[in-house]
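J.:
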Amino acid sequence: MKQVVEQIELIEEEVIELRREFHQYPELGFEEERTSRRVSDYLSNLNLEVERLSGTGVVGLLDCGVGPTIGLRADMDALPITEQTEVSYSSKIDGVMHACGHDGHTAILLGVAKVLTKLQDKIRGKIKFVFQPAEEGPGGALPLIEAGALIKPQVDNIFALHITNKLPTGVVGLQKKVVSAAADEIDLIVKGKSGHASTPQDGIDAIVTASQVINALQTINSRKISPYQKAVINLGTIKGGYRRNVIADKVKVTGTIRTTDPELRDSLPTMIERIVSGVTASQGGDYQLDYRKGYPVLINSTKLVEDLENTISQIPYLEQLKFLELPSMGAEDFAYYLQQVPGLFFRLGAADINSNYYPAHHPKFNFDEDALKIGVALFIYITLQRIKDNPTVF
Ligand SMILES: [Zn+2]
Ligand SMILES: [Zn+2]
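All you need for this note's numbering is the position in the sequence shown, starting with 1, plus 130.
#1: What three-state label does DSSP hand Tyr466 in the structure shown?
#2: So, Leu274 versus Val260, is the Cβ gap smaller than 8 Å?
#3: Are the beta-carbon atoms belonging to Gly159 and Asp207 less than 8 Å from one another?
#4: Buried or exposed for Asn177, going by 16 or more other Cβ atoms inside 10 Å?
#5: In the DSSP assignment, find the alpha helix (DSSP H) that holds Asn345 and state where it starts and stops.
#6: Could you please give me the residues that DSSP links to Glu181 through a beta bridge?
#7: Whole angstroms are fine: how far does the CA of Thr386 sit from the CA of Ile244?
#8: On the DSSP bridge list, what partners appear for Ile319?
#9: Sorry if obvious, but does the Cβ on Cys230 come closer than 7 Å to a heavy atom of ligand 3?
#10: So, do the region 216-223 and the region 185-193 have three or more beta carbon pairs nearer to each other than 8 Å?
#11: Do His235 and ligand 1 come close, with the Cβ less than 7 Å from some heavy atom?
#12: Report all residues from its chain with a CB closer than 6 Å to the CB of Leu272; omit the five preceding and five following residues, and keep chain order.
#13: By the three-class DSSP mapping on this structure, what secondary structure does Val196 have?
#14: Could you tell me whether any Cβ in chain D is nearer than 8 Å to the Cβ of Ile442?
#15: When burial is assigned at 16 or more other CB atoms within 10 Å of the CB, is Gly201 buried or exposed?
#16: Using 7 Å as the cut-off, classify the Cβ of Glu265 as near or not near the heavy atoms of ligand 2, replying yes or no.
#17: Bridge partners for Gly408 per DSSP, in chain order?
#18: Leaving out five residues on either side along the sequence, give the residues of the same chain with a beta carbon under 6 Å from the beta carbon of Tyr421.
#19: Got a sec? Which residues, its chain only, sit under 7 Å from Arg164 by beta carbon, not counting five neighbours each side?
#20: Starting from Lys258 and walking both ways along the beta strand (DSSP E), at which residues does that stretch end?
#21: Quick one: what does DSSP say Asp251 is sitting in, helix, strand or coil?
#22: If contact is defined by three or more beta carbon pairs under 8 Å, each pair taking one atom from either stretch, is the region 423-437 in contact with the region 297-311?
#23: To test your reading of the DSSP string, which unbroken alpha helix (DSSP H) runs of 4 or more residues are found completely within the region 437-520?
#24: Output the distance between the C-alpha atoms of Pro521 and Asn175, rounded to the nearest integer angstrom.
#25: Count the other CB atoms, across all protein chains shown, that sit within 10 Å of the CB of Arg373; report buried if there are 16 or more and exposed otherwise.
#26: Please classify Ile547: does DSSP put it in a helix, a strand, or coil?
#27: Quick one: any contact between the region 500-518 and the region 445-454, if contact means 3 or more CB pairs under 8 Å?
#28: When you compare the CB positions of Ala237 and Ile211, do they come within less than 8 Å of one another, or not?
#29: CB-CB under 6 Å to Ile483, same chain, minus the five flanking residues each way: which ones, in chain order?
#30: In the DSSP assignment, find the unbroken beta strand (DSSP E) run with Pro330 in it and report its ends.
#31: Considering only residues of the same chain and omitting the five flanking positions on each side of Val523, which have a CB-CB separation below 8 Å?
#32: Within 10 Å of its beta-carbon, does Arg168 have 16 or more other beta-carbons around it, so buried, or fewer, so exposed?
#33: From the DSSP output, which residues share a beta bridge with Gly370?
#34: On the three-state DSSP scale, how would you describe Thr522?
#35: May I ask you to report which of helix, strand or coil DSSP gives Met227?
#36: Please report how far the alpha carbon of Glu151 lies from the alpha carbon of Ile141, in whole angstroms.
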């Protein structure tokens with residue numbers, strides 16, 4: 131225990147510096163060239179086996195012989211937001227900002243790699259450090275997994291964390307099962323027939339038809355699914371028509387469909403298409419529906435939650451493990467990893483209660499850097515806990 135804490139103390143400043151460096155040079159999804167080079171150089175300097183996967187992805191392997199393989203994942207991408215903080219290390223890239231804390235995730239995981247490298251004579255197993263592009267979209271997890279991030283060696287468990295200002299520093303949030311929703315997308319074109327407003331009998335009004343479709347889709351929640359289930363059906367844009375005295379022949383509607391229930395998710399495309407098809411047919415119109423599956427439901431391993439529950443108090447700096455009752459309706463592509471292997475996704479509290487803080491994706495977003503050390507300790511602790519031969523390390 132003492133040795134681990136000493137190592138974490140030694141690395142704390144370096145993790146903060148790394149985070150500030152990443153913060154100054156934010157890069158958008160699949161464009162993380164500088165970040166990924168920095169990460170792979172850092173891991174190579176630690177003598178890890180380093181592989182570049184699916185463009186800007188980096189996977190480092192610390193091989194300490196026979197034993198379980200633990201995966202730890204960080205996302206590296208930033209957002210197309212112009213930073214409005216006044217910190218000395220604010221973004222040097224116009225219109226791009228680390229407004230979701232992924233700079234912190236990347237720095238934490240590099241710190242973890244360094245500490246675990248120092249402790250390697252106590253480890254029996256392998257640790258895979260997965261640095262992933264494009265979590266904010268279009269999604270870096272799936273291509274990384276398809277490129278083999280979870281095999282050779284096969285990962286037994288994988289863990290990730292996300293910095294959050296919804297919890298104070300010192301608190302880690304954890305859902306016992308469902309963490310976040312699946313987020314799918316629809317693009318709908320309602321087709322009618324154009325004509326002069328004075329002769330409605332000769333046209334098919336796509337605007338009236340689209341409005342009926344939109345209202346009917348909202349009856350899915352109230353009439354088509356169990357009161358114990360819920361879906362978000364948000365139609366966020368609608369475009370159509372030419373001028374006030376022309377019957378519109380086309381309306382385009384786009385939306386996001388979210389649910390935390392994988393079975394309900396699978397049944398929604400059919401439910402939605404049936405309504406779209408029936409309502410447009412009733413008006414003599416037609417439609418084109420593109421339903422795209424996005425990130426799946428993120429589900430923590432209940433077994434791993436139980437394992438952790440009994441021993442969490444040993445993690446240094448951590449004041450409280452808070453079980454979060456409700457899942458988030460946001461989406462997170464770590465879900466793809468947990469479809470393959472059991473794992474956990476943590477919320478790392480990083481709100482400094484003594485200062486103003488802003489939510490993720492806000493141009494003034496920042497977080498309390500004292501949380502970085504807690505993230506490092508959390509990852510190290512969980513990893514060592516899974517490497518069963520070493521109960522004495524802590
Ligand atoms: Zn985000
Ligand atoms: Zn994020």
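Glycine included, every Cβ here is placed at the ideal spot set by N, Cα and C.
T.: The answer reads as follows:
#1: As a working note, residue 466 is residue 336 in the sequence shown. Of the three classes helix, strand and coil, the one that applies to Tyr466 here is helix, per DSSP.
#2: The residue labelled residue 274 in the question sits at position 144 within the sequence shown. The residue labelled residue 260 in the question sits at position 130 within the sequence shown. In this structure, Leu274 sits near Val260, with a CB-CB distance shorter than 8 Å.
#3: Within the sequence shown, numbered from 1, the residue matching residue 159 stands at position 29. Within the sequence shown, numbered from 1, the residue matching residue 207 stands at position 77. Yes, these two residues count as a Cβ contact at 8 Å.
#4: In the sequence shown, counting from the first residue as 1, residue 177 sits at position 47. With fewer than 16 other Cβ atoms from the protein chains shown falling within 10 Å of its own Cβ, Asn177 counts as exposed.
#5: Sequence index remark: in the sequence shown, residue 345 carries index 215 (1-based). Membership of Asn345 in the alpha helix (DSSP H) is indicated by the continuous run 336-347.
#6: Residue numbering aside, residue 181 sits at position 51 when the sequence shown is read from its first letter. The partner list for Glu181 (beta bridge, DSSP) reads Val189.
#7: To locate residue 244, count along the sequence shown from 1; it is residue 114. To locate residue 386, count along the sequence shown from 1; it is residue 256. With the sequence shown as reference, residue 244 is identified as Lys, and Ile is not the correct amino acid for it. Lys244 and Thr386: Cα-Cα distance of roughly 41 Å.
#8: On the sequence shown, residue 319 is found 189 positions in, with the first residue counted as 1. Here Ile319 is bridged, per DSSP, to Lys382, Gln418.
#9: Ligand 3 is not part of the structure shown, which contains ligand 1 and ligand 2 as its ligands.
#10: With contact defined as three or more Cβ pairs closer than 8 Å, the region 216-223 and the region 185-193 are not in contact.
#11: Stepping through the sequence shown from its first residue, residue 235 is reached at position 105. His235 Cβ: outside cutoff for every heavy atom of ligand 1.
#12: Position 142 of the sequence shown holds residue 272. Contacts found: Tyr466.
#13: Position 66 of the sequence shown, counted from the start, is the residue given in the question as residue 196. Per DSSP, reduced to three states, the secondary structure at Val196 is coil, with no helix or strand assignment.
#14: In the structure shown, chain D cannot be found, because there is only a single protein chain.
#15: Here residue 201 corresponds to residue number 71 of the sequence shown, with the count starting at 1. Within 10 angstroms of the beta-carbon of Gly201 lie 16 or more other beta-carbons, which makes it buried.
#16: Counted from its first residue, the sequence shown places residue 265 at position 135. At least one heavy atom of ligand 2 is nearer than 7 Å to the Cβ of Glu265, so yes.
#17: Residue mapping note: residue 408 aligns to position 278 of the sequence shown, counting from 1. Under DSSP, no beta-bridge partner is assigned to Gly408.
#18: Your numbering for residue 421 matches position 291 in the sequence shown. Cβ contact annotation for Tyr421 (same chain, cutoff 6 Å, sequence separation greater than five): Ile316, Pro399, in chain order.
#19: If you number the sequence shown from 1, residue 164 lands on position 34. Result list for Arg164: Tyr155, Glu157, in chain order.
#20: Looking up residue 258 in the sequence shown gives position 128. Here the beta strand (DSSP E) through Lys258 covers 255-262.
#21: Looking up residue 251 in the sequence shown gives position 121. In the displayed model, Asp251 falls within a helix according to three-state DSSP.
#22: Touching, yes, given that three or more Cβ pairs across the two stretches are closer than 8 Å.
#23: You should have 465-470, 500-516.
#24: Residue mapping note: residue 521 aligns to position 391 of the sequence shown, counting from 1. Residue mapping note: residue 175 aligns to position 45 of the sequence shown, counting from 1. Because Pro521 carries a pLDDT of 46, less than 50, the predicted location of this residue cannot be relied on, and no value is offered for it.
#25: As a first step, residue 373 is located in the sequence shown; it is residue number 243 there, counting from the start. By the 10 Å Cβ count, Arg373 comes out exposed.
#26: Absent from the model: residue 547. The displayed extent of the chain is 131 to 524, so no value can be given.
#27: Touching, yes, given that three or more Cβ pairs across the two stretches are closer than 8 Å.
#28: Mapped onto the sequence shown, residue 237 falls at position 107. Mapped onto the sequence shown, residue 211 falls at position 81. Taking 8 Å as the Cβ cut-off, Ala237 and Ile211 do not qualify as a contacting pair.
#29: Your numbering for residue 483 matches position 353 in the sequence shown. Correct list, in chain order: Pro298.
#30: As a working mapping, residue 330 is identified with position 200 in the sequence shown. Element bounds for Pro330: n/a, residue is neither H nor E.
#31: As a first step, residue 523 must be located in the sequence shown, where it is residue number 393. Reliability fails at Val523, whose pLDDT of 47 lies under 50, so the model's placement of it is uncertain and the value that follows must be treated cautiously. If we look at Val523 and ignore the five residues flanking it on each side, its Cβ neighbours are Met131, Gln133, Val134, Leu249, Lys252, Leu514.
#32: Working through the sequence shown from its first residue, we reach residue 168 at position 38. Answer is buried; the Cβ neighbour count reaches 16.
#33: On the sequence shown, residue 370 is found 240 positions in, with the first residue counted as 1. BP columns for Gly370 point to Val381.
#34: In the sequence shown, the residue the question calls residue 522 occupies position 392. A caution first: Thr522 carries a pLDDT of 47, below 50, which makes its placement in the model too unreliable to give a value.
#35: In the sequence shown, residue 227 corresponds to position 97, counting from 1. Correct three-state label for Met227: strand.
#36: The sequence position of residue 151 within the sequence shown is 21, counting from 1. The sequence position of residue 141 within the sequence shown is 11, counting from 1. Rounded to whole angstroms, Glu151 to Ile141 spans 15 Å at the Cα level.
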